[in-house]
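Okay, structure first, notes after.
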Amino acid sequence: MPESKEDAENLWADTFWKYQDRLLILAARNLHPILRRRFSVEDVVQDTLMAACGRMEFFQNCPEIPVYFKLRTILFQTIADYERKHLQCQKRDIYKERDFASSDTGSTTAQIHWEQFADSITSPLSRLVRKDRHELLKNVLEALSENDRQILTLRHFDGMSNQECAEVLEIDPKTASIRYVRALQRLKTQLTQLSEFRL
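FYI, in my numbering the residues of the sequence shown are 45 to 243.
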């Protein structure tokens with residue numbers, strides 16, 4: 045007898061909660077500092093998991109994509125919703141709540157991650173060319189295979205260890221290590237063909 049819809053939802057909910065700790069880390073790395081005055085990373089993850097429970101078809105489709113990557117997508121959508129509602133709202137400017145003693149320059153956490161990633165695999169360039177370089181890097185990443193993008197995303201943007209990557213991708217650590225090295229080599233090969241990334 046096929047399982048009921050409620051049983052299926054409960055099963056998915058149990059699966060989602062297994063990734064709670066990783067999502068907390070990801071939320072902490074990407075939640076805007078100003079939004080932290082109103083929301084905790086626990087709030088973000090709770091809203092993410094609740095949204096995930098209402099999107100069963102999203103998780104049932106494309107089973108070759110790891111559950112974590114789908115949860116990651118929903119988490120970023122949740123953060124984007126927070127930013128649209130609270131950072132772009134004209135009724136009350138949340139930026140006025142900023143602590144001016146803070147060292148925050150207004151750069152988003154995501155932009156910082158892009159800069160760190162680009163600088164880690166090429167020579168650092170001036171801020172004047174970083175915006176264009178971000179777009180080029182994104183385009184090159186999108187041209188890579190799904191496996192390459194996944195392992196590079198986990199290692200460089202989510203800050204996961206090789207062991208953690210292996211667990212998320214459901215492969216053994218040695219395979220994860222080989223996949224990462226090869227993906228990084230392919231990425232570097234593509235980037236060195238662009239003048240913006242040459243030494």
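For each residue, glycine too, the CB sits at the ideal point set by N, CA and C. Quantities reported herein were computed from a predicted structural model and do not represent experimental measurements.
First through last residue of the alpha helix (DSSP H) which encompasses Lys-129: Start and end: 111 to 130.
Please state the DSSP three-state secondary structure of Gln-104. helix
Does the stretch 110 to 127 come close enough to the stretch 67 to 74 that 3 or more CB-CB pairs lie under 8 Å? yes
Range covered by the alpha helix (DSSP H) that runs through Met-94: 85 to 97
In the DSSP assignment, find the unbroken alpha helix (DSSP H) run with Asp-65 in it and report its ends. Note, Asp-65: alpha helix (DSSP H), 64 to 74.
Can you find the residues in the same chain that come closer than 8 Å, C-beta to C-beta, to Gly-203, ignoring five residues on each side of it along the sequence? Ile-69, Arg-73
Quick one: using the 10 Å Cβ neighbour count with 16 as the cut-off for buried, is Arg-81 buried or exposed? exposed
What are the start and end residues of the alpha helix (DSSP H) that includes Glu-190? 190 to 196
Taking three-plus beta-carbon pairs below 8 Å as touching, is the stretch 221 to 235 in contact with the stretch 187 to 197? yes
To the nearest angstrom, how far is the alpha carbon of Gln-310 from that of Ser-221? Nothing about residue 310 can be read from this structure; the chain reaches only from 45 to 243.
How long is the line joining the alpha carbons of Ala-96 and Ile-118, rounded to whole angstroms? 7 Å
From Asp-65 to Asn-54, what does the alpha carbon distance come to, in whole angstroms? 19 Å
Would you decide whether Thr-92 is buried or exposed? Buried here means 16 or more other CB atoms lie within 10 Å of its CB. buried
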